[in-house]
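Notes follow the structure.
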Amino acid sequence: MAVLKLEGLTKTFEGKKGNVNALSDINIEIEEGEIFGIIGMSGAGKSTLVRCINLLEKPTSGSVKFDGKELTTLKKKELAAERTKISMIFQQFNLLMQRTALKNVCFPLELQGVPKKEAEQKAKELLELVGLLDRAGSYPVQLSGGQKQRVAIARALATDPKVLLCDEATSALDPKTTRSILELLKDINKKLGLTIIIITHEMSVVQKICGRVAVIDGGHIAESGITSEIFSRPKSEAARRLVYPDGQMEDKFAGGDLLRLVFDGPTSQEPVVADMILEFKEAVNIIFANMQEIDGIPTGQMVIRLPQNEDTARSMIRYLQGRKIKIEEVRE
């Protein structure tokens, strides 16, 4: 069942030099309980899309259906009630500096009129969930970046939301802390059945945690689908810029026809290219290779240049296909 459905979502801003289309005909359907990624480079429209999802920014046209309700037609009081079910965490944490970790988590409960004792008990339970109960009395200035984000996550969960929006939530963190926060989000998703939407410009974040992803570019959805499939065979130029190292395929791989190989599951642990070289007694030029996890599955990619002999090259391609390796031609 879809918990969030965007149909024909468009947002136009009026400017001195004319109208600017920040979003054009966005169509996304997010299932209840999944971790969904929205990825794009700076200026792609991610921030505007986030604000349209929770109606902080009203779309110019189109539909935003949350939990079966059309948000764009709700009255102010009704919309406020629905927003409590869509929590959000940010890149800069947005904690109240004069409040302890415990009191930060209590804050949304206080706004709802929850009795102090009950609010504090729930806040302690949430701090325990994110692994920070021992820092309940600490102020934000006494916490590391990762700890601040954990407090922010606990605070976001205080209203028992159905959806958690993560807007560049790991961009200010170092790689090790980023991994720990993503693991925490994955754990919360499993324990609570919470739908999580990750908005990011980092492909590594999407690959680590998201089952499905939409690539946004220039205010449009360039492509969407299962994360591993988009990684294996990106169809749009926007996705290819994100998948290839440094987003610069032309600079890295220019100069002739190449093959991009994708290894996933069992094939990621097999010496396929080495076996192929031994089989044909012909060297191949390895242009690029890396290994990473995509939604928990070890996945690698390699870009190679095959021998110039066409018969040998074709035989090698058949060999790779026989070993169940996904192959994509890379041209200049």
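The numbers in numbering that gives the first Met the number 0 rise by one with no breaks, and the one at position 21 of the sequence shown is 20.
C-beta atoms are modelled at their ideal positions from N, C-alpha and C, and glycine is treated no differently.
Of the candidates I296, V162, M87, G145, V162 places its Cα closest to the Cα of G32. In the displayed model, G299 falls within a strand according to three-state DSSP. With respect to the C-alpha of A80, the residue from P58, S267, L54 having the closest C-alpha is L54.
About 7 Å separates the beta carbon of G36 from that of T199, a gap short enough to meet the 8 Å contact definition. Fully enclosed beta strand (DSSP E) runs of no fewer than 3 residues occupy 162 to 166 of the stretch 151 to 177, in order along the chain. Around the Cβ of N289, a 10 Å sphere holds fewer than 16 other Cβ atoms; the residue is exposed. Minimum Cα-Cα distance from G136 among the listed residues A171, T158, C105 corresponds to C105. Counting only the Cα atoms, E167 lies some 31 Å from E327.
By the C-beta criterion, the stretch 276 to 290 is judged to be in contact with the stretch 300 to 312, since at least 3 inter-stretch pairs fall below 8 Å. Looking only at A151, I293, V272, the smallest Cα-Cα distance to V283 is reached by V272. In the three-state reduction of the DSSP assignment, L260 falls in the strand class, which pools E and B. In this structure, the alpha-carbon of G67 lies about 31 Å from that of E201. The beta carbon of K123 sits closer than 8 Å to those of L101, L132, A135, all from its chain and outside the five residues before and after it, given in chain order. Contact annotation, L142 with V129: C-beta distance approximately 12 Å; criterion of less than 8 Å not satisfied.
Per the C-alpha coordinates, the member of K325, F279, K234 positioned closest to P306 is F279.
For L156 and G112, the gap between their C-alpha atoms comes out near 16 Å. In this structure V212 does not touch G39 by the C-beta definition: roughly 10 Å separates them, more than the 8 Å allowed. Distance from the CA atom of K84 to the CA atom of L3, rounded to whole angstroms, is 12 Å. Cβ contact annotation for G224 (same chain, cutoff 7 Å, sequence separation greater than five): R211, in chain order.
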